[in-house]
Amino acid sequence: MKKLAFLLTTLFLVLLLAACGGDNASSDSEGSDDSEATGEEAAEEASSNVAAGDAEYTIRASIGLNSEHPQYKGLLKFKEIVEAETDGAVAVETYHSGQLGDDRTAMEALQLGSQEVTVPSTAPVANFIPEYAVFDIPFLFPNEQVADAVLDGEVGTKLLEMLDEQNLVGLAYWENGFRDMSNSTRPIESIADFDGLKIRTMENDLHLAAFRELGANPTPMAFTELFTALQQGTVDGQENPLSTIYLEGFHEVQDYVSNTHHIYTPFVFLVSKPFYDGLPAEYQEILRSAAVEAGQYQREINREANEDYKQGLIDEGVEFTEMSDEAIAEMREAVQPVIEEFSETIGKDLVEEINQAVEDAQ
Ligand code: KDG
């Protein structure tokens, strides 16, 4: 009898230990998932304060950049305003890192009405509306304040209105920013250093033509493919604002960064027209003012961290080159033929109008 009791107790203890071991194993692995996904989870927490099931309308809003980027923080601000001002009647689900597809895929989904909001760079929009290439004119804006004045002024408004013909509604411009070069081959100090470099560009013909004029070997690619292409050496380099270079960790696979500031890229806040047209006027207005307010906040946080991104890159071992005025003048000169060539596609009047607006804003 004693023997049976001993055996039963031993069996019970073995089972108990096995059960505890299982728990430990699963909480460990949950723990490591947690630490990897901290940024994402914070975003998801913020992204789920209104249960989509309780809302009358649900907006799926996506971007290509990650949850650390000021663009995503802007999207969270948009969500906060919309959900508060509609008392939860409109819920906003936010997606970063191209979770719903790249810029082009998301725009097409908006046109079809299978997604509600996306905030792409204006550059790929030029594949839908050629006039959008006006923002891709190299060295168009001398600083962010002039960019704000032109984008929020008549020219910017006119371009937002053109989106209507593509089944899209444009509510505001946010900021991607001045684009700088990174690569893994050599420091870019002058135009000669572009020679033969394989550079990824956005899917935009003007960008491709400009990099050819600079002597590089450009190839267009969606942002979602970029990190792997840099890592595997499919391309030698790429160009993006410092925020993206730093926050997306491009410095892990790129040794050199130069502040070429060759193009200022705005983001454009897009809503699916079929979705927008189906909203009550009151909610349309809330979306419109929320996109503008969140955009002001996004521009602000984007700008204030620029120096930190630069320092961050240097601290991580990147060789950072400050371009000289002469080198920038040389680049400007080299891309002139591209501006001439694309003025036809964009429309000469629009090019003149934006140049005038830039001058007036200074
Ligand atoms: O969320 C925006 C991104 O998808 C993309 O537009 C970023 O500048 C960009 C690039 O180089 O593709």
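According to this note's numbering, the sequence shown is numbered sequentially starting from 2. By construction, the Cβ of each residue, glycine as well, lies at the ideal position given by its N, Cα and C atoms.
Once the 5 residues before and after residue i are set aside, which same chain residues still bring their CB inside 6 Å of it?
| i | result |
| --- | --- |
| ALA150 | ALA362 |
| SER63 | TYR96, LEU101, ALA107 and THR119 |
| TYR247 | TYR310, GLY313 and LEU314 |
| GLU41 | Any reading at GLU41 is ruled out, since the residue's pLDDT is 46, under 50, leaving its predicted position unreliable. |
| THR346 | PRO131 |
| ASN50 | Because ASN50 carries a pLDDT of 48, less than 50, the predicted location of this residue cannot be relied on, and no value is offered for it. |
| THR225 | GLY99 and ASP103 |
| SER344 | VAL352 |
| VAL319 | HIS252 and VAL258 |
| GLU57 | ALA90 |
| ASP35 | Annotation note: pLDDT 32 at ASP35 (below 50); position unreliable, no value reported. |
| PRO71 | GLN299, ILE302 and ASN303 |
| ASP196 | GLY216 |
What first and last residue would you give for the alpha helix (DSSP H) that runs through residue i?
| i | result |
| --- | --- |
| ASN307 | 307 to 316 |
| ILE130 | Counting along the chain, ILE130 falls outside any alpha helix (DSSP H), and DSSP gives it neither H nor E. |
| ARG61 | Unbroken run through ARG61 is the beta strand (DSSP E), 58 to 63; no alpha helix (DSSP H). |
| ILE347 | 337 to 347 |
| PHE195 | No alpha helix (DSSP H) holds PHE195; DSSP gives it neither H nor E. |
| THR106 | 104 to 113 |
| GLU84 | 71 to 86 |
Excluding sequence positions up to five away, which residues of its chain have a Cβ less than 7 Å from the Cβ of residue i?
| i | result |
| --- | --- |
| LEU209 | THR202, PRO219 and PRO221 |
| GLU294 | ILE82 |
| GLU354 | VAL156 |
| GLY296 | GLY75, ALA173, TYR174, TRP175 and PHE270 |
| ALA230 | ARG201, MET222 and VAL236 |
| GLY348 | GLU132 |
| ALA211 | PRO139, VAL336 and VAL339 |
| LEU8 | With a pLDDT of 38 at LEU8, under the threshold of 50, the modelled position of this residue cannot be trusted, and the question is left open. |
| LEU227 | ARG201 and GLN239 |
Taking the DSSP output, what are the residues bridged to residue i?
| i | result |
| --- | --- |
| GLY178 | THR266 |
| GLY154 | Looking at the DSSP assignment, GLY154 forms no beta bridge with any residue, so it has no partner. |
| GLU94 | ARG61 |
| LEU271 | THR119 and GLY171 |
| THR202 | PRO221 |
| ASN184 | GLY238 and TYR257 |
Can you check which of these residues, the options, is closest to residue i by C-alpha distance?
| i | options | result |
| --- | --- | --- |
| GLU109 | GLU176, GLU305, GLY348 and VAL272 | VAL272 |
| LYS74 | VAL359, ILE302 and LEU351 | ILE302 |
| ARG187 | GLU176, GLY178 and ILE200 | ILE200 |
| GLU331 | PRO267, PHE79, ASP206 and PHE140 | PHE140 |
| ARG333 | ARG61, ALA124, PHE79 and PRO143 | PRO143 |
| ARG180 | ASN241, VAL135, PRO121 and ALA230 | ASN241 |
| SER183 | ILE60, GLU253, GLU145 and GLU176 | GLU253 |
| ASP153 | ARG304, VAL336 and PHE268 | PHE268 |
| VAL352 | HIS70, GLY65 and ASP137 | ASP137 |
| ASN307 | ASP196, ALA230 and THR245 | THR245 |
| TYR257 | GLY238, PRO71 and VAL93 | GLY238 |
| ILE60 | TRP175, HIS70 and THR87 | THR87 |
| THR235 | GLY216, LEU198 and ASP206 | LEU198 |
| ALA134 | LEU227, ASN177, GLN233 and LEU207 | LEU207 |
| PRO125 | PRO71, ASN260, GLY89 and ASN205 | ASN205 |
| ASP55 | LEU77, ALA90, GLU317 and PRO71 | ALA90 |
| GLY216 | GLN72, ALA335, ASP350 and LEU77 | ALA335 |
| GLY250 | ASN260, THR123, GLU317 and GLU305 | GLU317 |
| SER122 | ARG213, ASP196, LEU66 and GLN112 | LEU66 |
| LEU169 | GLN72, THR266 and ARG105 | ARG105 |
| GLN255 | LEU243, GLN232 and TYR265 | GLN232 |
| GLN167 | VAL93, HIS70 and GLN112 | GLN112 |
| LEU371 | ALA92, PRO71 and PHE195 | With the chain covering only 2 through 363, there is no way to say anything about residue 371. |
| LEU77 | ASP350, GLU341 and TYR298 | TYR298 |
| GLU305 | LEU243, THR266, THR261 and ARG213 | LEU243 |
Starting from residue i and walking both ways along the beta strand (DSSP E), at which residues does that stretch end?
| i | result |
| --- | --- |
| SER259 | 257 to 259 |
| PRO221 | 218 to 221 |
| GLN363 | Per DSSP, GLN363 belongs to no beta strand (DSSP E) and is neither H nor E. |
| GLU240 | 238 to 241 |
| THR229 | From DSSP, THR229 is part of no beta strand (DSSP E) but of the alpha helix (DSSP H) over 224 to 232. |
| GLU320 | 320 to 322 |
Who are the Cβ neighbours of residue i in its own chain at under 8 Å, not counting the five residues just before and after it?
| i | result |
| --- | --- |
| ALA328 | GLU190, SER191 and ILE192 |
| ASP165 | LYS274 |
| LEU172 | LEU161, PHE270, LEU271, VAL272, LEU288, ARG289, ALA292 and VAL293 |
| VAL147 | VAL359, ALA362 and GLN363 |
| ARG300 | GLU145, ASP149, TRP175 and GLU176 |
| SER185 | LEU231, GLY234, ASP237, GLY238, VAL254, GLN255, ASP256 and TYR257 |
Three-pair Cβ contact test at 8 Å for the segment 313 to 323 versus the segment 110 to 119: No contact exists between the segment 313 to 323 and the segment 110 to 119.
Three CB pairs or more closer than 8 Å across the segment 129 to 145 and the segment 276 to 288: Short answer: they don't touch.
The segment 82 to 92 / the segment 281 to 301 touching (three or more Cβ pairs under 8 Å): With a cut-off of 8 Å on Cβ pairs, the segment 82 to 92 is in contact with the segment 281 to 301, counting three or more such pairs.
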